Structures are given as structure tokens and as C-alpha cells.
Amino acid sequence: MAEIGKDILKAKALLEAGELVGLPTETVYGLAANALNAKAVAKIFEAKERPSFDPLIIHTDSIQKVKDFVQYIPLDLEVLLKQFSPGPITVLLPKKAIISDLVTSGLERVAVRIPNHPLSLELLRSIDFPLAAPSANPFGYISPTSAQHVENQLGEKLKYILDGGECQVGLESTIIGFENDKLTVYRKGGLSIESIEKVVGKVNLKEHSSSNPAAPGMLKSHYAPKKKVIFIRDFDAHPFDYNPDKVGFLGFCEALPFLKTEQQFLLSPNKDLNEAARNLFKGLRFLDQLDIETVIIELVPEVGLGMAINDRLKRAAAK
1 MAEIGKDILK AKALLEAGEL VGLPTETVYG LAANALNAKA VAKIFEAKER PSFDPLIIHT
61 DSIQKVKDFV QYIPLDLEVL LKQFSPGPIT VLLPKKAIIS DLVTSGLERV AVRIPNHPLS
121 LELLRSIDFP LAAPSANPFG YISPTSAQHV ENQLGEKLKY ILDGGECQVG LESTIIGFEN
181 DKLTVYRKGG LSIESIEKVV GKVNLKEHSS SNPAAPGMLK SHYAPKKKVI FIRDFDAHPF
241 DYNPDKVGFL GFCEALPFLK TEQQFLLSPN KDLNEAARNL FKGLRFLDQL DIETVIIELV
301 PEVGLGMAIN DRLKRAAAK
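Sequential numbering from 1 applies to the sequence shown in full-length UniProt numbering.
Structure (C-alpha cells):
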């Protein structure tokens, strides 16, 4: 199984040797490899059992380094990078030839971000290549928000996990780029749409794709537990179809009176959407490990980070 620790030099040496490393970020833990090493990148797809048509995000530590890997940065996207990086924003940019088609799934644009985590930034500053790093989980399953989650899920597929504690945002990054000359959000995430629109004005939202996604993390079914997931409205319509001893509940702030407390997980009793985002994948993972058959989910208010939380909940139920 993988070793968990805080040794940046060890992580650096493994990455330079073409190995995989678990990478802490503010969003979720990544499965990192040298983005300029095709064999190392191929190990990511193999370890995650990720389809080759789903592109990866590359990570670096400065806007200046971003420019090493892309042809140019449109003004609005550079403004957003300067405003919100390091942070949970990923931009889609025309790639230079140095970035292989394996990373971008044959697309002409590459997804790039600067993570906001002291360990990952220190590691990125110590190496002379960017890191390709999708979430460190089996493809389609719940994203990891701790080093232990990575070890539990992929511990046999990598040698080292850099332990940066619990992820402080808990949702993947927001992905934005241009489509038909209009700023477009391809994935809702840890930076709210409202925050973006305060800086650059109105943006479009791209629909999910069942195949050939234009950006990472766009598939309709994603972030899902192994248990069956239903919305609370569907449960309310047919409550007698379910054995209450075999049902769990993921709610926003209030428990269900007819279920045992130990079968429920509340994202934020204080109605704090930031806390709810941090707890989302932890809650799904907790319920998925119980001896139950069905997870009932409740959507949160559709404002701020609530839009991204609900996006993940809907995709968890899309199987």
C-alpha cells in the first residue's frame, strides 16, 4: 500500500522518475504525474480506469508558468486567473505542442490551474514540469478529500501520498473558457458563478456530456457512491417501497425524523454552504460505507456554492 507522509523531496523524486503521487489541493486530492511524460500520464488513466476521452487538468504554480504551456491567455481569463489564483479555478486555453494529446484527449485546449495549497505549491515550485492531476479516485466514484481516502481507494496503484490534511474547499475547481467568443463555465465548482460574474460579467453554462466532453469532469454520471441514490422527492412519492433500516439520508441542515441518527449525514446544520461543500464527499463516502441499500439526497439552496453542490448531487444520482 502507498506510504502517507509530508516528504516533498520524496514526492519530487517519484514524480521525476515517472511515478504517481497523491497530491493535496484545496479542492480534492489529485492523482499526480509529470504532465510532459506520456508514460507517466498513461499510468493515471490506467490507475483510475479513466476513459481516454476524458481530458486531464494540469497544475502549475504561477501564471508565468501557465504561459509556458499555452499559446496565449485571453484578457478575461487572465483577469480571472489574477483575481482567483491560486484557487479553485481552471481555465481552458489553446495548448502548445509540448502538451501531449493524451493529456487533452486530442482536444486543442488544455485545462490549467494553480492550486491553493502550501504543500502542492511548494512541490510545484521544486519541479520543472507541470503535473497532470485528476481526482485520486477510481473513475466515476466519490472524490477524495483526505490522504486516507486516497490510500483506501488507490493505495495499491501508487507509492506515495503527500498528506496535506483535509481539503478546505471540498469541491473540484470551476472550469471556464471561451466558446463562440463567449465566456463559458464547463464545470461548476469551488469558485461560485456569482464570484466570476462580479469580475467579468455574465457567463454561459455548458451542459454535461455523455461522451466526448469538451473539458474535464463533464460526464453526466460522476462523483457517485456504489449505493443507489435517489432524491427525497422520489422517496416521498413511494415511501413504502423502502425499508427504513436500509436507507440513509444526506441532508443540508435538518435530519429526517423517521430514520436513525446514525443513518444520516447533515452537510451543515448551520446552513453554511461553504461547510456543506467541504462535507459533501465525506458525507457520500460515510453513507456508502453503511449497511444500507439506498441513499436519499436533498438538494441545497441553489445559490453560491450551492449550484456546484447540487450539480454533484444530481450527477451522483444519474447512474
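Using N, Cα and C, we set each Cβ at its ideal position, and we do this for glycine too.
Note that the structure is a prediction, hence the values are computed from the model and not measured.
Among the options, nearest to residue i - alpha-carbon criterion
i: VAL41; options: VAL28, THR184, LEU102, PRO88; result: LEU102
i: ILE296; options: PHE265, GLU262, LYS271, ILE230; result: ILE230
i: LEU266; options: PRO88, ILE142, ASN279, LEU313; result: ASN279
i: ALA147; options: LEU162, GLU156, PHE258, ARG113; result: LEU162
i: ALA32; options: ASN137, PRO51, ASP311; result: ASN137
i: ARG30; options: LEU191, LEU154, PRO301; result: Sequence check: residue 30 is Gly here, not Arg. Considering only alpha carbons, the answer is LEU154.
i: LEU256; options: PHE235, ASN270, PRO144, ILE99; result: PHE235
i: VAL91; options: SER105, ALA97, GLY106, LEU75; result: LEU75
Reduced DSSP category for residue i - H, G, I as helix; E, B as strand; rest coil
i: VAL169; result: coil
i: PHE278; result: A small correction: the amino acid at residue 278 is Arg; Phe does not occupy that position in the sequence shown. Helix, per DSSP.
i: PHE84; result: helix
i: ILE161; result: strand
i: ARG285; result: helix
i: residue 343; result: Here the chain covers residues 1 to 319 and nothing more, so residue 343 does not appear.
i: LEU183; result: strand
i: LEU219; result: strand
i: GLY155; result: coil
i: ALA132; result: strand
i: GLN264; result: strand
Opening and closing residue of the beta strand (DSSP E) in which residue i lies
i: GLU179; result: 174-179
i: LYS228; result: 228-231
i: LEU124; result: No beta strand (DSSP E) holds LEU124; the alpha helix (DSSP H) holding it covers 118-126.
i: VAL247; result: 247-251
i: LEU92; result: 89-94
i: VAL28; result: Element bounds for VAL28: n/a, residue is neither H nor E.
i: HIS238; result: It is not in any beta strand (DSSP E) - HIS238 carries neither H nor E in the DSSP assignment.
Rounded Cβ spacing between residue i and residue j (contact assumed at less than 8 Å)
i: VAL79; j: LEU93; result: Contact doesn't hold; Cβ gap of about 14 Å is too wide.
i: LEU23; j: ALA133; result: 5 Å
i: ILE292; j: GLY248; result: 5 Å
Per-residue burial, residue i [other beta carbons within 10 Å of its own, 16 or more giving buried]
i: HIS238; result: exposed
i: ILE114; result: buried
i: VAL199; result: exposed
i: LYS226; result: exposed
i: PRO213; result: buried
i: ALA277; result: buried
i: MET218; result: buried
i: SER192; result: buried
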